[in-house]
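Here it is as structure tokens:
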């Protein structure tokens, strides 16, 4: 997703403050090892007379052992306030037998009869209440009532009983009973709608590909819908508020070309459709599987590279984050760093290398500023307990820069081969950073331990102080370089230099000088004295370089 307060690809809006995204004290229990959900069937009843919802969720899961107590995340009402939270009224098995349950610590604990290891169990949880977050019930900018899921990072549990962690992926279905004035969007394939008494309507959607709970959502609003076309038999749709539809349909049309680019470069699209949806939510864009939600403020009404960058970021998530999903929150760069860089790659494809460099330079500036504030921060971060704090330039821009540097370390052909192999192996599954490293090492035949260690687990970036002098007697160029980063940690850095004449034209290129020490001197044969020397002319290394005497 893109947060509105991050100026990613030149987008600028203000983010509403978000809280309640805390990890439980015992993070290991958070994933409930040994319990694996295969499918959720959510039935929700929405109302215009109240913000209270009614829910009935059928959950099919397996147990890897003989445990008889399982739990599902569901935020309950607080003892000092019953204004928000879900209250469970009934839990029963698929055969209709009641299952004893208790609701405490924002979980529903259920006692079950014994089952053979690996045997599927199916139960039904009935509940009702007013969600504090997760399902945003509000008015859009036109004063019309709307309902939108905003599940990231672990807010699905505010209105859905789930194992609310990215590692437990499942298929899902939504059946929504709502006033007939609303059109309902949700994950997957549209199964149909039918009229109900009292001016209501039942709408059904089903997602047959396993996805994490962070991207299982519904949206309900007055919508105008455009069928943009299809790519590889995947329908592309635009869902806009009717009063915005004339402008918004123009904004969202590049999605078809973006989808085509990513299918060709990465691999098959995993979902039944691609719907781009105007919404009233907290993020600039949220990559919900097959139905991406975009903030209503991001409407311009004409072809715009900034909007294309936003579309490309969220569409890239359909591969990275939704399909190949980070195994834990600490691995968020496998989602956000990938989406950031692949958005930039699409812009390079559409507008050329200068546009890519402009995005990279802007992203570099954000990384440098953030590092000045958080000098000990690393991309892989297992210490942060407020998950919203992970939405920072380390996860996004620095993660994207890691992929850019890896691309130049391996070369385009091997980089793309590795990306396709990674996606193929972890499609509809979960991955750690070490899994991505292993795939890239296997494809390239290179050991990449130093590369990943210094960029993912080490704070900061190289800060170089350098100078060059021409020795006319020996006809050599002497380049002195010193690593001056305040962290004291050393980086292994591939250096390149452009040798130029008085007119600024390149007369020679020095590449693949590898710096491994705190101070190094490189001596390069050169027939004539250069007028200038430029470090990293192709913008391939995340660093700050200061030339002495300049």
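Numbering (my numbering), first residue to last: 9 to 558. We put the beta carbon where it would ideally sit given N, CA and C, even for glycine. These figures come from a predicted structure and were not determined experimentally.
Query, Result
"Counted within 10 angstroms of its Cβ, other Cβ atoms place residue 159 as buried (16 or more) or exposed", "buried"
"Buried/exposed call for residue 333, threshold 16 Cβ in 10 Å", "buried"
"Residue 386 beta carbon less than 8 Å from that of residue 466", "yes"
"Residue 232 and residue 190 closer than 8 Å at C-beta", "no"
"Reduced DSSP secondary structure (H/G/I, E/B, other) of residue 347", "helix"
"Extent of the continuous beta strand (DSSP E) run through residue 448", "No beta strand (DSSP E) holds residue 448; the alpha helix (DSSP H) holding it covers 441 to 452."
"Assigned exposure category for residue 202 - 16 Cβ within 10 Å defines buried", "exposed"
"Burial state of residue 165, where buried means 16 or more other Cβ atoms lie within 10 Å", "buried"
"Three-way DSSP call (helix, strand, coil) for residue 220 in this model", "coil"
"Residue 172 burial status per 10 Å Cβ neighbour count (16 or more: buried)", "buried"
"Own chain partners of residue 516 with C-beta closer than 7 Å, once the 5 adjacent residues on each side are dropped", "507 and 534"
"Residue 65 and residue 144 closer than 8 Å at C-beta", "no"
"For residue 230, the three-state DSSP class (helix, strand or coil)", "coil"
"Assigned secondary structure, residue 521 (DSSP; H/G/I helix, E/B strand, else coil)", "strand"
"Unbroken alpha helix (DSSP H) run spanning residue 413, endpoints", "407 to 418"
"At least three beta-carbon pairs within less than 8 Å, the region 546 to 556 to the region 474 to 488", "yes"
"Residue interval of the beta strand (DSSP E) (run including residue 474)", "471 to 479"
"Chain-order list of residues whose beta-carbon lies under 6 Å from that of residue 284 (same chain, five-residue window excluded)", "246, 260, 263 and 300"
"From 137, 349, 361 and 235, residue whose alpha carbon lies closest to that of residue 270", "349"
"Coil, strand or helix - residue 165 by DSSP", "helix"
"Opposing strand residues paired with residue 181 [DSSP bridges]", "49 and 214"
"Nearest to residue 371 (by Cα), restricted to the options 41, 410 and 360", "410"
"Three-state secondary structure assigned by DSSP to residue 528", "strand"
"8 Å Cβ cutoff met for residue 512 and residue 379", "no"
"Residue from 288, 39, 56 and 101 with nearest C-alpha to residue 150", "288"
"Extent of the continuous alpha helix (DSSP H) to which residue 463 belongs", "457 to 464"
"Integer-rounded CB distance, given that residue 50 should sit under 8 Å from residue 182", "5 Å"
"Among 338, 365 and 279, the one whose alpha carbon lies nearest that of residue 324", "279"
"Spatial distance of residue 543 from residue 213 (CA atoms)", "54 Å"
"Neighbourhood of residue 550 by C-beta, 6 Å cutoff - its chain only, sequence neighbours within 5 removed", "409 and 469"
"Inter-residue spacing [alpha-carbon to alpha-carbon] between residue 74 and residue 48", "22 Å"
"Nonlocal neighbours in the same chain, by C-beta distance under 7 Å from residue 56, ignoring five residues either side", "153 and 187"
"CA-to-CA distance, residue 495 to residue 383, given in whole angstroms", "8 Å"
"Pair within 8 Å by beta-carbon distance, residue 195 and residue 296", "yes"
"Residue 313 (DSSP reduced to helix, strand or coil)", "helix"
"Residue range of the unbroken alpha helix (DSSP H) whose run includes residue 372", "361 to 381"
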